[in-house]
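Residue numbers (my numbering): 2 to 262. Glycine is no exception: its CB is placed at the ideal position from the N, C-alpha and C atoms.
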Ligand code: CIR
């Protein structure tokens with residue numbers, strides 16, 4: 002039997018259907034109100050794609066009180082040893098972890114939580130070697146220190162990095178493609194944080210393509226970035242493009258929409 006690589010080979014995922022309140026979701030710049038019907042169609046495509054790899058998807062109901070609740074990734078970090086509930090940096094999102102707690106408790110024997118400071122799952126990139134955590138407007142030193150104290154005894158090295166200025170989350174600009182390879186914007190790679198990895202850059206003008214997910218044999222990427230999609234295919238990755246126009250209005254992308262374990 003071959004061992005799964007737990008950084009990109011998963012048997013389960015958790016998603017949450019978008020609520021009608023999605024129109025109130027947080028955004029750095031207002032480029033338009035998301036259309037719920039389009040987002041529901043995109044979300045269904047996303048969930049079906051995860052399932053097509055044989056994974057079980059736990060689909061949670063919409064949360065009207067939490068417009069950004071569809072972006073479940075920010076609520077937790079899922080590792081083979083246990084799950085860690087985050088402490089989101091946006092005040093309007095803090096209660097989302099309370100909603101996620103019982104779902105994760107049912108899946109994990111060991112569940113911890115960040116109790117001080119702030120940390121968003123979107124700032125965390127797990128590779129086979131280390132856990133990168135980007136300091137950002139949403140993730141601070143106190144949150145990172147507490148996360149380090151949790152994952153260190155589990156045998157994970159936490160590497161603190163900096164989320165580029167003007168970028169919401171560390172993973173808005175990068176994603177893991179396999180055990181050694183990272184897809185990154187040029188601006189993030191230039192910070193030197195991925196020295197020692199194989200790095201593939203998003204094509205010029207396609208920075209928003211950096212937030213993809215490797216999920217089993219597939220790479221789910223936002224549609225509309227043809228040069229990056231072709232580059233990934235030429236490098237041997239099996240790419241599925243998913244419309245992300247509505248989530249993009251709220252600074253969300255492929256990773257934000259699921260917890261994977
Ligand atoms: C927010 O500002 O929190 C949401 N509108 C977008 C969250 C995206 N999540 C992610 O990148 N992990």
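Going by beta carbon distance, what residues of the same chain come within less than 8 angstroms of residue i, once the five residues before and after it are set aside?
i: residue 13; result: 56, 57, 58, 59, 108, 261, 262
i: residue 36; result: 247
i: residue 155; result: 80, 82, 83
i: residue 40; result: 19, 23, 71, 247, 248
i: residue 17; result: 60, 61, 62, 63, 64, 70, 71, 73
i: residue 234; result: 240
i: residue 106; result: 112
Can you list, in chain order, the residues of its chain whose CB lies under 7 angstroms from that of residue i, leaving out five sequence neighbours each side?
i: residue 51; result: 14, 58, 216, 259
i: residue 7; result: 81
i: residue 11; result: 56, 216, 217, 261, 262
i: residue 91; result: 27, 139
i: residue 54; result: 216, 217, 218, 219
i: residue 119; result: 88, 89, 90, 139, 140, 141, 144
i: residue 126; result: 133, 171, 172, 175, 177
i: residue 253; result: 72
i: residue 195; result: 183, 185
According to the Cβ coordinates, are residue i and residue j closer than 7 angstroms?
i: residue 247; j: residue 224; result: no
i: residue 169; j: residue 132; result: no
i: residue 165; j: residue 188; result: yes
i: residue 240; j: residue 230; result: yes
i: residue 19; j: residue 44; result: yes
i: residue 185; j: residue 200; result: yes
i: residue 117; j: residue 87; result: no
i: residue 256; j: residue 212; result: yes
i: residue 124; j: residue 135; result: yes
i: residue 180; j: residue 129; result: yes
Identify which residue in the options has its Cα closest to the Cα of residue i.
i: residue 113; options: 76, 45, 140; result: 76
i: residue 269; options: 123, 191, 227; result: The question about residue 269 has no answer here: the residues shown for the chain are numbered 2 through 262.
i: residue 163; options: 191, 179, 38, 153; result: 191
i: residue 147; options: 130, 129, 167, 115; result: 115
i: residue 9; options: 182, 110, 32, 251; result: 182
i: residue 167; options: 194, 137, 195, 196; result: 137
i: residue 222; options: 237, 236, 244, 32; result: 244
i: residue 250; options: 4, 21, 30, 5; result: 30
Using DSSP bridges, identify the partner residues of residue i.
i: residue 77; result: 86
i: residue 175; result: 185
i: residue 143; result: In the DSSP output, where bridge partners are listed per residue, residue 143 has none listed.
i: residue 261; result: 14
i: residue 135; result: 162
i: residue 210; result: Answer is none; residue 210 lacks a bridge partner.
i: residue 113; result: 85
i: residue 106; result: Answer is none; residue 106 lacks a bridge partner.
i: residue 120; result: 88
i: residue 223; result: 243
i: residue 202; result: 185
CB-CB under 6 angstroms to residue i, same chain, minus the five flanking residues each way: which ones, in chain order?
i: residue 89; result: 75, 95, 121
i: residue 67; result: 97
i: residue 157; result: 132
i: residue 85; result: 78, 113, 151
i: residue 48; result: 16, 58
i: residue 34; result: 24
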